[in-house]
Amino acid sequence: MKLAPAIASLAVLFAAPAAFPADPIKIGLIAEFSGPFAAYGRQIGTGMKAWLKEHGDTVAGRKIEIIERDTTGPSPEVAKRLAQDLITTDKVDFLAGFGLSPNALAVAAVATQGKTPMVIMNAATSIITTKSPYIVRLSMTLPQVTEPMALWAAKNKIKKVYSIVSDFAPGIDAESAFQKAFTAHGGEIVGSVRVPLKNPDFAPYVQRAKDAKPEAVFIFIPAGEQSVGFVKAFAERGLRQAGIQVIGPGDVTDDDVLEAMGEPTLGMITTHHYSFAHDSPQNEAFRKAYASVSGAKQRPNFMAVGGYDGMAAIAAVVTKLGGKMDAEKAMEIFKTYKTESPRGPIEIDPQTRDIVQSVYVRKVEKKGGQYLNVEFDRFPHVKDPVKEATKEAAK
Amino acid sequence: MLSALPGVLFDGVAYGSLLFLISIGLSVTLGLMNFINLAHGAFAMVGGYACVVATLRYGLPFGVALVVAFAVAAIAGGVLERVLYRRLYGRSPLDQVLFTIGLTFMSIAAATWVFGSGQQPVRLPDTLLGQTRILGVDVGIYRLFLIAIVFALASGLALLVTRTRFGARIRASVDDARTAAGLGIDVERVFSVTFTLGSGLAGLGGALGIDVLGLDPTFPLKYMVYFLLVVVVGGAGTIVGTLCAAMVLGIFDVAGKYYVPWAGAFVIYALMVALLLLFPRGLLRRIR
Amino acid sequence: MTAALRTQGLSRSFGALKAVREVSFTLEPGARHALIGPNGAGKTTFVNLLTGALPPSSGAVYLGADEITGLAQHERVKRGMTRTFQITTLFPGLTVLESVVLAIFERKGIAASLQTRVANRTAEIHEAIHIIRELRLERDAGSVTRSLPYGKQRLVEIAVALATRPRILLLDEPAAGIPAAESGEVFGVIAALPREVSVLFIEHDMDLVFRFAERITVLAQGSILAEGTPQEIGADPRVREVYLGDEAARG
Amino acid sequence: MSVAFSLPDARWRAAEIAFWIATGLVFFVFPSHLVLASQVLITGLFAVSLDLVLGYAGIVSLGHAAMFGTGAYVAGILARNGWGEPLSGLFAAGLAAAAVAFVTSFLALRGEDLTRLMVTLGISLLLYEAANQAGVWTGGVDGLSDMQVRDLFGVFPFDIRGRTAYLYTLAVVFLVFCAARRVVHSPFGLSLRGIRESPRRMAAIGSPVQRRLVVVYTLAGAMAGIAGALLAQTTQFVGLEVLGFSRSADLLIMLVLGGAGWLYGGLVGAALFLVAQSLLSRLNPVYWEFWLGLLIVLVVLLARGGINGALTRVSARLGLARRQA
C-alpha cells in the first residue's frame, strides 16, 4: 500500500532541486473538506478555483497547481502533518487555506521551519499572524469585524445590549471586542451569556435575553446548525415582535446558511467584510466564476472570497517575482499587496501582515426571492484592533 | 427568577420531547433487539432529508412529509436489515459497533455527495410557528406540537410492546430466540419488523428534530452522544424509561442553562454520570 | 472441636419473599455433608450467604471460631472457603491449565504481581498439573475451556476450586447436567479428597447423596426441616413427605 | 513437559522481532512519511493502552481520551512554561494521566457495559469542557501553541521531516509496549484475562476484582498519557480535540479493527486506519469517509469475527502471538 508514495518520494529525491520555469507553482491547500466543517474547505477551494477560472491558471509562464489536503476537521496534528508532507515531499511553494484557527496555529511553526509562505484564507483569531513571519492573512480577524458593530450600535442610539456568544476562544474574543468598544462609547451591557459549543437548544438563552429587556441582542456563534438553532429560537420567542434588534458580526447571517434560515433573519443587522450582495463589477465577475466552478446553487460566502483573494495575492506575488520563487522576497511583496477585491478595497498591513479592509454594515432583506445581506453603511480601512492596541501599548 | 419557572419547565419538557424523538428508534433496536445500532443517526438523517425534499421539492404539506420521512427511513432500515444487519445479530457487540460506525461514515459521505455539505432549510407550516399563551405562560406552538406527538407516540409504543401479540412476540424472541422459534414464532420476521419500526421512528424523529437541530451530513455523528445518553440513562428497551430519561435530562438541561448559564455545558454530562451511578441499569429496568 | 463452618439464625429476604429463614447450621471438620431440598427451598441462596456473594438480612456466619459475616467474598476465599456454581462458571477463553494456575496464584497472593512471568512460575505450574492429573484432565490441560464437553467442564470447575486449597468446599450441584455414568466419577473424585477438606454439597440425585454423604441437611421453604445421617434422613417421614415423596412421584 | 502443559510464554517470537525491525526500517524506506508513521505509532500506543483495559480486562470505554488529553496538556503546559525537556515531560504527563485514571476509575468501573461506556464518555466530555473553560492554561479552542520543546538529550532538534520525532516516538513506544507486554505475561495479566472471562468466578477464587481493575485502569491511563504527551511534543501543539469524543471513538474503531486482546491489535489497527485515512483522503479529500466506512463494513462482514479473526488466523500461522476471543 505504501509502495507508490515511496517510489514517488524516491523520484522526488532524484529530481533536480531547483524549478525549471516550466514547472508548476505548487500551492498546498490545507483545509477542512470533511466532517462538521466541510463547508469551509469547499468554500475556500472553490473560491481559489474561481480566481483561476476567471484569470487563467498560468501566471508568469508557470502553471498553478493546487494540491488539496483534508484536515478532517479541527485536527491540529493532521494539519501539521499535512504541512510537513507538503513542504518536504511535494515541495510546495505556498501553504494556503486554513478554515479553523487551531489548524493554522499548529502549522505556523512549520511555515517558519520550512521557510514557506503561508496564506490564511479564513482562520480569524487575531494572534495567528504573530506566530510566523511567513504568514499573511487575506481573510479577517474577528475583532476587526466586531468592533465596527459596537461603534455603529452606539452611534445609532442603541443603549442597552444583551450579549450571547459561543463559549470558546473566538466567542470570548468577540464578546470582549464588542463590550469594550460599546461601553467606551456610552452603551450598556445589560447581561451576557456564553453558550456551550455543542448546544442543540437555544431557547433558554434567548428567553434569558428577552427577560432582560434589552434594545438589541449581540450575537456571535459559528455559522451552521448553531446559527440555525439561534435564529429559530429567536423567531419563536418573538424577540422581533418585542422590538429587540439582533446585531453581531456577519457569521450569524452567513451567506452560505442564510437561505436555510430564511424569514426569521429579516432585519438582522451585522457587520462583515464581505456580502454576496456587494455591488461591484469585481463581485459580479467573482459570483459568475464561482457559479461556473461549483456548478451548484451554493452561494460563495466570506470564506470563498478569502480563497479567491488569497489566490489573487499569490498570483500577484508570483508575477512580481517573474515566476522565480523566493520565500523572503515573496513575503516582502505580500506586505505591500493592495487591490480591489470582490469585497471592496483591501491591502496588507506591512507591519503585521494582516489584512486592512472596509467593514460593511448590512441588513438582511428579501430581494427577488432571495435573502440577502444588503450593505448600507461602511467603516473604511479597518485594521485588526487587537494588534493596534498592542502597538499602542508598545509605544 | 422564580416567575420564569413555568416557562422553563415547559421548555424543559419540550426539549425532553425532542431528545425522546431522536432517541426512541435507538431505544427500540437496542432495547428490544439487543443490537447496538450506532447508525441510528443515519436513519434519522434519512428521515430529515426525506422531509426536506418532500416539503421543498414536491411541496407536500408538513404532516404528509412526516409520514414520508417515517416511510423512507423504515424502508431503508428494512432493506438494510435484510441485506446486512441480519448477518450481525449473533456477533459480538464490538463487531456491531464497528459495523454500524462504518455505515455511519458511508452515510455521511453519501449525504454530502447528494445534498452538499450545507445546512438544509426547513419550512414549518405557519400554524406551527410562533407562540401562544397557556395559563399565563408563553409557549412555542411547535414545542407544544412536539410534546403532543411524544405522548401519543410513547403511549402507542408502550401499548404495542406490552399489550399486543406482536409485542409479546418481540419480547419472547429477544429473551430466547430458540424457544420462541420452538413456539412457532417467526423470529426472523419479528426482528425484521422491529428493526423496520425502529428505523422508521428514527426517521420520524429526524424529521421532527431538524427544525431545532438543523440538518447537514454530519448529523449522525454530531448527535450520537445525545441518542446514547438518553437511551442508556433511561435503560435500554423501556419506552417509559426512555421517556423519563429524556424528560429529566431535558428539564435539568434547560433549567441549568437558564439559571446557571456559566455551567451550561457541564449540566447534561454531569447529570448523565450522576444518574448512571445512581441507576446503573437505567432509570427503569427493562419491562418484562 | 470447633465446627469448620457454622451459621447462627441466618436469614435473607428478597422483598416479601423469605428465601432463607433463621438457619442455624454446622459443618463439622472433614465432613461430607449434603444439602438437599425441593426446588426453591433456598439452597443456592444459603450457599451465597455462606460465601458472601449475598449479604444476609440477619444472622451470622462463623468460620472456625471467627465471625465472617461482614467479610468480602475474596477475603473468605483467603481464609479457606471456596465454592463452585450450579451453572458452570468458568473462564471460557482460558485453557484448563491457565485456569488452575490462576487460582493457585490467587491463593498464594501473587496474582497481582508484575514482577514475574506466568511461564516462569514452575512451582505453581507443577502444582496445577498435579491437580489436573488428580481429576484426570491431563489430556485437556492445553485446551480452551469453552471447547470441552460439559462433563469435563464440571471437573475443571472442581479443579479450579481445589487449586485454592480450601478447608471448606461448597459444591452447588457438582454433577448437574452430566450423564449419570460420569456423575459417579465426579463424586468419586470428591470423596477421595483429603480429610482436611470439609465438603458441603447441594445435590438432587438421591442415589449420589446417599452414596457419598455422611451427613444430610434437608432444607424446605428456607428453613431446616431435618438433619442427620443418611439412615436417619431416609427414615424420616417428614422428609419423605416433602421431598422423597415428591421424588418418588416424579420417578 | 508435554505440549498439553505449555503456557503462553513470554519469549519474543520471530514475527514479533520482525515487526519491530520493520518499524525501524520505516525510517529508511519511507523517509518522507515519517510524520504519519510517528502518529501511527503514537495512536497505536494509545490503542495498546485501551487494549489492556478492553481486550484484557474486558472493560469497555468510550472515554479513553480523558487520559490521553491529560497527558498532552501536561506536556504542553510544561513545555510552554519553560519546562521543555521532553523525557521528564513524558514522565510528568504519565503520572498526571495515571492520577486522573485512578480517581475516575471509581466512577468508570461501576455498572454494566453500556453504563461504563457512557460514564467514561461523560467523564471525558466533562474534561473537554473544563479544558475549553480553562483557556488561560489550555488556549481553549484555539489550542495551546508556543510550546518550546527542547532538543532531545540537548542534542537532537525536532526537525521538519520528523526524523528525530520518529526515532524518539519509536523508542518510547517500544519501551512502553515492552512494559505492557510484561504486564500481559505476568500473573497480573493472567488475572485480568480471568476477570474478562468471568468476574464472578474470579471473586469465587478469592480475587479482589475491583482492586485489580483500578490498577489496570491506572496503568493504562499512564500509558495513554504518555501517548498524549508524545503527540503534544512531536506536534508542538495541543488542540482541544485531544479530549474529544471522536478521539475515543476512533480509537475504539482502530482497536476492534486490529483485534482486541492481542496487544499488537492496537498497533495494527492504528496503522490500518490512519494509513487508509491518509491515502483515501489524498485521493478524494471530500468523500473519502465513504471508502473508509466501506472498508470497515467489509472487514466486519468478510473476515469472520472482524479482522481480528483474520489476523488471528494469519498470526497463528506466523506464530506471532496467541489470542483468545
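Residue numbers (the numbering used here), protein chains in the order written: chain G, -1 to 393; chain W, 10 to 297; chain P, -6 to 244; chain X, 81 to 405. Don't be surprised by glycine CBs; every beta carbon is placed ideally from N, CA and C.
In the structure shown, the three-state DSSP call for G/T87 is coil. Residues of the stretch 301 to 323 of chain X with a C-beta less than 7 Å from any C-beta of chain G: L311, T315, Q316, F317, G319, E321, listed in chain order. X/N212 reaches chain G at D165, F166, L195, counting residues in chain order whose Cβ is nearer than 8 Å. Between the stretch 219 to 229 of chain G and the stretch 230 to 243 of chain X there are fewer than three inter-stretch CB-CB distances shorter than 8 Å, so the stretches are not counted as touching. When C-alpha distances from G/K381 are compared across G/V108, G/S137, G/K113, G/G39, the shortest belongs to G/S137.
Around P/K145, the same chain offers L130, D133 as residues with beta carbons nearer than 8 Å, after the five sequence neighbours per side are excluded. Minimum Cα-Cα distance from W/G16 among the listed residues G/R206, G/D277, G/K327, G/V215 corresponds to G/R206. Take the alpha-carbon of X/L205 and the one of X/T195: they are about 15 Å apart.
In terms of beta-carbon proximity, G/G236 lines the interface with chain W, with at least one pair separated by less than 8 Å. Using a Cβ-Cβ cut-off of 8 Å, W/V234 is close to L201, L205, F325 of chain X, given in chain order.
Against W/V17, the close residues of chain G are P202, Q205, in the order they occur along the chain (beta-carbon pairs closer than 9 Å).
The beta carbon of X/S358 is closer than 7 Å to those of L116 in its chain, skipping five residues each way along the sequence. In this structure G/F284 is buried. Its beta-carbon is surrounded by 16 or more other beta-carbon atoms within 10 angstroms. Distance from the Cα of G/K155 is smallest, within the candidate group G/I331, G/V108, G/E345, G/G184, for G/G184. Here the stretch 122 to 135 of chain X lies against the stretch 346 to 353 of chain X, with 3 or more beta-carbon pairs under 8 Å apart.
Within chain X, the C-beta atoms nearer than 8 Å to that of W/V241 come from L194, T195, L197, M198, in chain order.
Rounded to whole angstroms, the Cβ separation of G/G308 and G/A94 is 6 Å, and the two are in contact under 8 Å. The beta carbon of W/Y267 lies closer than 6 Å to those of V17 in the same chain, with the five residues before and after it left out. Looking at the DSSP output, P/Q1 sits in a beta bridge with P/A53. Taking C-beta separations shorter than 8 Å and ignoring five residues to either side along the sequence, the partners of W/I45 in its chain run L39, P102, Q105, V106, T109, following chain order. Here G/G95 carries a strand assignment [DSSP, helix/strand/coil]. Only A37, R40 from the stretch 37 to 54 of chain G bring a Cβ to less than 7 Å from some Cβ of chain W. For the stretch 144 to 220 of chain G, the full-length beta strand (DSSP E) segments reaching 3 residues or more read 158 to 164, 186 to 193, 214 to 218 along the chain. For W/N43, the three-state secondary structure derived from DSSP is coil. Taking a C-beta distance under 8 Å as the contact criterion, W/F29 and W/A255 qualify as a contact pair. The straight-line gap separating the alpha-carbon atoms of P/D229 and P/E21 is approximately 22 Å.
Counting only the Cα atoms, W/Y98 lies some 15 Å from X/L382. In this structure, W/L280 lies away from W/C253, with their beta-carbon atoms at least 8 Å apart. X/Y248 sits in a helix when the DSSP states are folded into three classes. Taking 8 Å as the upper bound for CB-CB distance, X/L201 and X/L142 are in contact here, some 4 Å apart. When secondary structure is reduced to three states using DSSP, W/G214 falls in the helix class.
Of all C-beta pairs linking the stretch 164 to 178 of chain X to the stretch 192 to 200 of chain W, fewer than three are shorter than 8 Å, placing the two stretches out of contact.
Taking C-alpha positions only, X/R280 is separated from P/T75 by approximately 13 Å.
Apart from the 5 residues on each side of it in sequence, X/V256 sits with its Cβ closer than 7 Å to the Cβ of L125, M303, I306 in its chain, given in chain order. Burial state of G/I64 is buried, judged by a 10 Å Cβ sphere holding 16 or more other Cβ atoms. Using a CB distance below 7 Å, the part of the stretch 358 to 379 of chain X facing chain W consists of V366, Y367, E369, F370, L372, G373, L374, I376, V377, ordered along the chain.
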